[in-house]
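Here is the structure we will look at, set down as structure tokens.
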């Protein structure tokens with residue numbers, strides 16, 4: 076009888092030290108049994124929030140090699156463990172069920188998406204890059220000055236690209252003679 | 002960021018976010034920091050708790066305003082009048098920091114007699130060519146020093162002059178060499194004659210006084226709509242909190258950059274902060290708050306058409322046919338930019354390794370040349386005209402995120418192929434079936450020939466690498482998990498694409514394939530997906546010495562090919578063979594500057610120009626603001642915890658000998674070590690293409706006339722004329738209201754990283770616009786009801802938020818100007834959908850940066866929803882007709898070229 080009544084929050088409110096039910100009385104056995112995902116994680120990976128430029132350090136909690144939580148890293152001198160609404164939602168950014176995980180292909184004048192495997196897509200893109208480069212190549216301008224470029228390939232990167240990614244992009248594009256290479260940083 | 006680059010020598014935030022806590026006054030202008038950089042805002046809160054005054058200057062009352070000591074609403078696009086009036090107040094009332102200004106700025110430098118100011122030419126500076134709409138900067142130069150030590154490199158004076166001459170040509174200016182001042186001020190030969198008493202009428206100081214004399218509190222009231230009492234309070238707080246004992250910090254963001262005079266906004270603040278002696282000091286400086294995780298990194302190691310890594314300019318076909326020509330302009334200049342050849346040769350060695358030899362100019366000729374403006378919007382115009390074959394969109398969503406999104410979508414619809422790499426199916430991938438133009442009939446799915454590859458990308462926790470955040474700090478991220486399915490990092494994509502292309506061409510004898518085949522492209526890979534090792538790439542960026550060991554400093558770089566390095570300003574990130582960006586010593590275990598958390602360029606210096614925190618003799622200006630000082634006993638500079646931004650053992654009394662070059666030409670009391678003359682530039686003889694001083698011009702679309710000059714808007718602004726980019730005439734009755742676009746805390750730019758997440762979509766579920774109660778009355782708008790906002794580009798519908806946070810402003814002659822707030826995050830995909838605010842904007846550009854004016858334009862607003870389907874087209878055409886604009890009609894498919 077006592078046990079049954081104990082499970083009833085109103086009883087705990089009336090008999091305990093928390094008549095308004097805002098603290099202890101509201102805690103059930105189920106509540107007591109809850110353990111935070113950060114406490115049961117197997118390991119923590121160190122990261123940085125991908126949204127704005129404040130540069131908040133993040134702790135990425137993993138269990139069974141799955142991401143279970145992302146929190147601010149309290150060691151950071153910049154964010155001191157804090158995250159904003161976007162940073163706090165970044166676990167749902169990376170585990171979003173609507174993420175694209177398969178290549179989607181739309182043929183010219185097509186009306187729907189089709190499937191394509193990764194290797195095929197890479198080879199098709201390589202074909203197109205070489206063809207665009209060949210078709211629009213300019214060795215010199217009208218006055219004979221070196222151009223060594225093509226005007227057929229353009230690129231626009233977001234500013235969530237890593238430095239290493241931007242570096243390889245600029246290096247490869249320059250070697251290909253592609254110059255219309257831009258970034259969100261312009262915007 | 003040429004505004005900061007031309008003023009101080011480097012285009013980056015000068016101080017750290019944490020250092021804001023040391024400020025005695027913080028002015029946030031052109032930024033809604035509390036909502037757009039919420040976690041960084043804790044340092045403003047910290048400063049306030051310590052007694053600092055916080056001022057927010059913004060058209061809208063936001064959560065930043067709510068916690069500021071003072072919110073000053075101003076008309077969007079009028080900041081130069083406000084800042085210029087502060088400059089005038091400081092100069093007229095002798096409130097500038099005299100010793101600092103004389104020693105550390107170019108105030109005492111005398112400008113040549115040919116220079117004419119906007120006061121002389123009613124809104125134009127000397128050198129303007131109305132036909133090309135370009136300035137020739139020849140008449141803006143320093144008067145040469147009579148001692149004859151002009152500093153021009155003796156072995157190549159002719160070459161340097163030739164480069165100077167070429168740099169003034171339109172095609173070269175279009176290529177925006179100005180941005181190359183990102184780390185290294187504009188190259189300048191000779192230090193110029195000086196008058197340390199500041200009395201000579203052609204000293205920068207006296208020119209400045211005359212130039213800003215008409216920028217008065219009354220003008221501020223008439224143009225910005227700011228009451229004189231509010232202006233007086235700002236002026237009092239800012240000046241009382243600057244000087245030996247106190248410092249004021251300035252914070253800006255895209256509220257300043259996204260204007261046709263954006264770089265000049267930043268220049269005005271730079272002038273003010275230099276006059277007040279706030280640069281290079283704790284709690285001072287200019288905090289450029291950048292909008293994305295690695296937007297600073299994306300300019301440092303740029304995917305930008307006009308730059309190579311480390312702000313080295315892309316070679317220009319008209320200027321740079323050889324390495325000697327390329328390096329001639331910088332070769333004779335003072336400051337660290339004088340070593341440009343070493344940085345460039347090291348980059349060429351990093352890219353082409355053993356193939357790069359002195360005999361072949363280190364493969365300089367392998368680089369493609371630019372010969373004009375190839376920036377994003379020009380390229381999109383070319384796409385609409387069918388001139389571009391293929392496009393890579395790598396984490397970018399122009400179909401929603403860019404101004405005049407319709408133009409961007411028309412561009413995508415006229416490509417042969419498009420590769421989109423993203424986390425979600427974004428609007429730039431789905432445009433062929435759900436663009437608004439499909440609904441209007443301007444695009445037809447079956448007629449769009451663009452082949453689309455939507456490639457899933459890895460998220461930030463599924464790849465390793467560095468971001469460079471807003472205070473120039475690189476932070477390493479671990480790879481926590483493998484990306485799902487076909488998702489790959491962009492590093493993977495580009496590495497393997499390069500590998501496949503090289504494989505395809507391996508037997509080619511065509512000389513045009515040599516750059517690709519000789520490229521250093523061997524990177525270790527790991528994991529089952531063969532992801533390239535990002536640390537190996539970071540090591541290449543850092544560079545190696547002749548012994549094959551990582552370099553520790555760009556000062557070790559040589560121009561003889563014995564060193565390599567992919568980005569000279571990042572040299573040191575792998576000092577001692579350690580990934581310095583991965584350092585995570587807890588803040589509690591180190592000093593307040595926290596130099597062992599991550600790594601900041603240059604050389605882990607956290608506050609730039611910190612030599613200026615000491616007086617010319619090397620003693621701190623005050624005990625309270627002590628940061629860097631000369632330690633005579635040790636014979637070196639010391640600091641409270643930072644790496645001093647100065648050569649460690651250069652004495653404060655060092656005077657450069659005649660003919661000294663590069664850093665040796667910088668005196669011991671010259672803190673701005675990237676500038677040719679070591680000074681902060683109040684007057685910019687080079688580096689800013691639309692004037693050596695800021696002048697107020699109205700936005701390209703403005704409801705009012707420019708009361709200061711006969712020139713209405715920036716005479717050097719860039720325009721694109723085409724049916725899909727129509728600009729409103731100034732003071733149009735048809736488009737009587739000003740609007741400004743902005744971000745919400747809960748969403749991120751084009752929305753693909755936030756509208757797709759249920760938590761965030763629930764917090765801000767719907768597109769809305771903010772209007773004042775007075776405007777709501779005037780136009781019959783109801784809170785919570787629908788409104789249609791109309792421009793010559795588009796009509797979008799949104800929920801109405803009637804709020805006193807939007808305040809009508811009273812200008813000259815009692816004229817009332819209403820402003821409308823338009824958040825721009827929505828599109829057709831994701832959990833929360835809606836019209837895109839960016840559709841409303843046209844594209845008119847700042848000539849320095851090629852950045853568009855998206856923080857202010859004009860519009861109409863009316864109650865109710867917009868016309869649907871094809872009915873939208875005559876509705877917009879009728880608006881354009883009434884406003885006296887040209888037609889915006891386009892053929893089906895959208896292929897309509899630029900008209901001029």
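Residue numbers (the numbering used here), protein chains in the order written: chain A, 76 to 262; chain B, 2 to 901.
Cβ atoms here follow ideal geometry from the backbone N, Cα and C, with glycine treated the same way.
Three-state secondary structure assigned by DSSP to residue i
{"i": "residue 632 of chain B", "result": "strand"}
{"i": "residue 152 of chain B", "result": "Low confidence applies here, because residue 152 of chain B scores a pLDDT of 39, under 50, leaving its location unreliable and the question unanswered by this model."}
{"i": "residue 257 of chain A", "result": "strand"}
{"i": "residue 640 of chain B", "result": "strand"}
{"i": "residue 444 of chain B", "result": "coil"}
{"i": "residue 860 of chain B", "result": "strand"}
{"i": "residue 157 of chain B", "result": "At residue 157 of chain B the pLDDT is 39, less than 50, meaning the model places this residue with poor confidence; the figure from the coordinates comes in the next sentence. The answer is coil: DSSP assigns residue 157 of chain B none of H, G, I, E or B."}
{"i": "residue 478 of chain B", "result": "strand"}
{"i": "residue 472 of chain B", "result": "coil"}
{"i": "residue 11 of chain B", "result": "strand"}
{"i": "residue 204 of chain B", "result": "strand"}
{"i": "residue 179 of chain B", "result": "Its pLDDT being 47, under 50, residue 179 of chain B is placed unreliably in this model, and the value from its coordinates should be taken loosely. Three-state result, residue 179 of chain B: helix."}
{"i": "residue 593 of chain B", "result": "coil"}
{"i": "residue 347 of chain B", "result": "helix"}
{"i": "residue 418 of chain B", "result": "strand"}
is_contact[residue i, chain A] using C-beta, thresh 8 Å
{"i": "residue 37 of chain B", "result": "yes"}
{"i": "residue 438 of chain B", "result": "no"}
{"i": "residue 553 of chain B", "result": "no"}
{"i": "residue 460 of chain B", "result": "yes"}
{"i": "residue 741 of chain B", "result": "no"}
{"i": "residue 18 of chain B", "result": "yes"}
{"i": "residue 352 of chain B", "result": "yes"}
{"i": "residue 595 of chain B", "result": "yes"}
Per DSSP, cross-strand counterpart(s) of residue i
{"i": "residue 26 of chain B", "result": "B:54 and B:249"}
{"i": "residue 136 of chain A", "result": "A:119 and A:144"}
{"i": "residue 225 of chain A", "result": "A:212 and A:253"}
{"i": "residue 135 of chain B", "result": "B:130"}
Rounded separation between residue i and residue j - CA only
{"i": "residue 574 of chain B", "j": "residue 581 of chain B", "result": "5 Å"}
{"i": "residue 464 of chain B", "j": "residue 530 of chain B", "result": "12 Å"}
{"i": "residue 255 of chain A", "j": "residue 718 of chain B", "result": "21 Å"}
{"i": "residue 673 of chain B", "j": "residue 791 of chain B", "result": "47 Å"}
{"i": "residue 453 of chain B", "j": "residue 186 of chain A", "result": "11 Å"}
{"i": "residue 141 of chain A", "j": "residue 496 of chain B", "result": "27 Å"}
{"i": "residue 625 of chain B", "j": "residue 173 of chain A", "result": "54 Å"}
{"i": "residue 152 of chain B", "j": "residue 192 of chain B", "result": "Here residue 152 of chain B scores only 39 on pLDDT, less than 50, and its place in the model should not be relied on; the value that follows carries that caveat. Between residue 152 of chain B and residue 192 of chain B, the C-alpha separation is close to 7 Å."}
{"i": "residue 856 of chain B", "j": "residue 377 of chain B", "result": "18 Å"}
{"i": "residue 354 of chain B", "j": "residue 363 of chain B", "result": "9 Å"}
{"i": "residue 88 of chain A", "j": "residue 94 of chain A", "result": "5 Å"}
CB contact check: residue i to chain B, cutoff 8 Å
{"i": "residue 86 of chain A", "result": "no"}
{"i": "residue 111 of chain A", "result": "no"}
{"i": "residue 81 of chain A", "result": "no"}
{"i": "residue 144 of chain A", "result": "no"}
{"i": "residue 176 of chain A", "result": "yes"}
{"i": "residue 117 of chain A", "result": "no"}
{"i": "residue 280 of chain A", "result": "Only positions 76 to 262 of chain A appear in this structure, which leaves residue 280 of chain A out of reach."}
{"i": "residue 140 of chain A", "result": "yes"}
Closer than 7 Å: residue i CB and nearest the ligand FMN heavy atom
{"i": "residue 895 of chain B", "result": "Among the components of this structure there are no ligands whatsoever, and the ligand FMN is therefore not found."}
Mind pulling the beta strand (DSSP E) runs of 3 or more residues that sit fully within the region 160 to 217 of chain A? 179 to 181 and 212 to 215
Quick check on the DSSP output: what are the complete beta strand (DSSP E) runs of length 3 or more inside the region 773 to 853 of chain B, in order along the chain? 787 to 791, 796 to 803 and 820 to 824
Ignoring anything shorter than 4 residues or poking outside the region 507 to 555 of chain B, list the alpha helix (DSSP H) runs there in chain order. 515 to 518 and 535 to 543
Residue ranges of each beta strand (DSSP E) within the region 366 to 416 of chain B, 3 or longer: 391 to 395
Please list the segments of the beta strand (DSSP E) lying wholly inside the region 229 to 289 of chain B, counting only runs of 3 or more residues, in order along the chain. 249 to 253 and 287 to 289
Which complete beta strand (DSSP E) runs does the region 295 to 333 of chain B hold, if anything under 3 residues is left out? none
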